[in-house]
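Chemist: Here it is: the structure, laid out below.
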Amino acid sequence: MTVVPLVDIGANLAHDSFDVDRDAVLARARRAGLVHVVVTGSSVASTAAAIALARAHPGFVSATAGVHPHHALELGAEALEALSAALAAPEVVAVGECGLDYFRDYSPRPAQRAAFERQLALAVETGKPLFLHQRDAHEDFLAMLRDVGPRLPRAVAHCFTGSRSEAEQYLALGLHVGITGWICDERRGQHLAEVVRMVPAERLMLETDAPYLLPRTLKPRPASRRNEPMHLTEVCRAVAAARAESPEQTARATSRTAARFFGLGLALPELETA
Ligand SMILES: [Zn+2]
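Note that the sequence shown ends on residue 397 in this note's numbering; no numbers are left out.
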C-alpha cells in the first residue's frame, strides 16, 4: 500500500482517554501516513496540554488555542488573557475550537455568544485562522461571522455535518470545511457524500475529531470505540469514494489545503505534485 501524506486538522489528543498511550498513538499515526496532526484546544487546560504535546513533537504536532462553547462560562478575563498568551506561541496555528452549540446547550446561549465573540476578536487581532464548531446554531453562527465582515481571517467549519445549503452558505462566506468520520456513518452521514462533491479541493480538509466519531466502516471493527488519528485513512477513503477520486488524490489535495490554511510549513515534495 502506498503511504499518502495525510493531515488530521482536528484531534482532541489532550483528552484523558489518551493519557495512557499518547506517544504510541502518534507513532501509529505516522505509520499510517499522517504527516501532521493539529491538536484541538477546547479549554484553557486542554490548550496548555495541546501546546505541550506540540512542543514534544515539533514539526509533527501543532495546537489550537480556544474555548469550546460547552466551556463558554470559563472564558472570563483571566482565561481570555491565558488564551491571548497561548496564541503568541509559534506552535499555536489557530484560534478555537470556538463557536456555538445549541444541540447540547451545556452553556447558556448568551454566554456561548459572548465567548465566541471574544474569540472572533482574538482571531481578527492575531490574524490566526479560526477553528469553528457549530451544532444546531447555524443562523446565529452565520450572523456572527457576517458581523465580523471583511476582517474575518481564514476559517474552517470543523466537523461539518450540515446540509448542502449550509455548506453553500459557508463557502460563500469564504469558509473551509472539515470532514470527519461522520461521513462513514450510514445512519446520519449519507448526505455528506453530496456535500464533499461540491466543496472545492482548496477548501476541503480532513479530521478525525478523535477520540470521538470512530468511523463506522472500519474493517475489522477495532476492539476499542476510541477513535485516533491513524483512522484518518478511513475518512480519506470515504471522501475519495464520494468525490470519485483516488484516496491518494484526496490525501494530497486536502493536505496541501491544510498546510496552506494553518501555515504548517510542511516541506514535503509529495505535497507539491498533483
Ligand atoms: Zn467540535
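For glycine and all other residues, C-beta sits at the position ideal for the given N, C-alpha and C.
Computed from a prediction, not measured in an experiment: that's the story for all the values here.
Jot down the residue ranges of each uninterrupted alpha helix (DSSP H) in the segment 292-317, minimum 4 residues, whole runs only, in chain order.
Modeler: none
Chemist: Compare the beta carbon distance of alanine 137 and valine 162 with 8 Å and say whether it is the shorter of the two.
Modeler: In this structure, alanine 137 lies near valine 162, with their beta-carbon atoms less than 8 Å apart.
Chemist: With a CB to CB cut of under 7 Å and the five nearest residues on each side skipped, what residues in its chain are close to leucine 245?
Modeler: Leu206, Ser207, Leu210, Val218
Chemist: Which residue from Ala278, Phe384, Phe183, Ala363 puts its Cα closest to that of alanine 374?
Modeler: The option with the nearest alpha carbon to alanine 374 is Ala363.
Chemist: What is the DSSP secondary structure of leucine 394, counted as helix, strand or coil?
Modeler: Residue confidence for leucine 394 is low, a pLDDT of 47 falling below 50, so the modelled location carries little weight; the figure read from the coordinates is stated next. If DSSP states are grouped into helix, strand and coil, leucine 394 belongs with the helices.
Chemist: Between the alpha carbons of leucine 196 and leucine 253, how many angstroms are there, rounded?
Modeler: 20 Å
Chemist: Less than 7 Å between the CB of histidine 261 and some heavy atom of ligand 1, yes or no?
Modeler: no
Chemist: Quick one: what's got a C-beta closer than 7 Å to serine 378's C-beta in the same chain, skipping five residues either side?
Modeler: Pro128, Leu129, Val130, Val158, Leu394
Chemist: In whole angstroms, what is the alpha-carbon distance linking arginine 232 and leucine 223?
Modeler: Arginine 232 and leucine 223 have their C-alpha atoms some 8 Å from each other.
Chemist: Apply the 10 Å Cβ neighbour rule to valine 143 and answer buried if 16 or more other Cβ atoms are within range, or exposed otherwise.
Modeler: exposed
Chemist: Strictly closer than 7 Å from CB to any heavy atom of ligand 1: give me those residues in the order they appear in the chain.
Modeler: His191, Glu220, His256, His281, Cys282, Asp332
Chemist: Note down the Cα distance separating alanine 155 from histidine 354, rounded to an integer number of angstroms.
Modeler: Each residue's alpha carbon lies about 8 Å from the other.
Chemist: Could you say if the segment 233-242 and the segment 274-293 meet the contact criterion of at least three C-beta pairs nearer than 8 Å?
Modeler: no
Chemist: Looking at the secondary structure, which residues open and close the beta strand (DSSP E) in which serine 185 lies?
Modeler: 184-188
Chemist: Within 10 Å of its beta-carbon, does methionine 328 have 16 or more other beta-carbons around it, so buried, or fewer, so exposed?
Modeler: buried
Chemist: Using alpha carbons as the reference points, say which of Glu289, Arg349, Ala376, Arg227 lies closest to glutamate 262.
Modeler: Glu289
Chemist: Where valine 190 and serine 166 are concerned, what is the direct C-alpha to C-alpha distance, given to the nearest angstrom?
Modeler: 4 Å
Chemist: Relative to the alpha-carbon of phenylalanine 283, which residue among Leu243, Ala266, Leu268, Ala316 has its alpha-carbon at the smallest distance?
Modeler: Ala316
Chemist: Tell me which same chain residues have a C-beta within less than 8 Å of the C-beta of asparagine 350, skipping the five on either side of it?
Modeler: For asparagine 350, where only same-chain residues beyond five positions count, the Cβ hits under 8 Å are Gly304, Thr331, Asp332, Ala333, Pro334, Tyr335, Leu336, Leu337, Pro338.
Chemist: Any idea what DSSP makes of aspartate 259, helix, strand or coil?
Modeler: coil
Chemist: DSSP has glycine 81 in a bridge; who is on the other side?
Modeler: Past the boundaries of the shown model lies residue 81; the chain is included only from 124 to 397, so the question cannot be answered.
Chemist: Would you report the Cα separation of threonine 170 and phenylalanine 264, rounded to the nearest angstrom?
Modeler: 23 Å
Chemist: Starting from aspartate 131, trace the beta strand (DSSP E) both ways and give me its first and last residue.
Modeler: 129-134
Chemist: Where does histidine 138 sit, in a helix, a strand or coil, going by DSSP?
Modeler: coil
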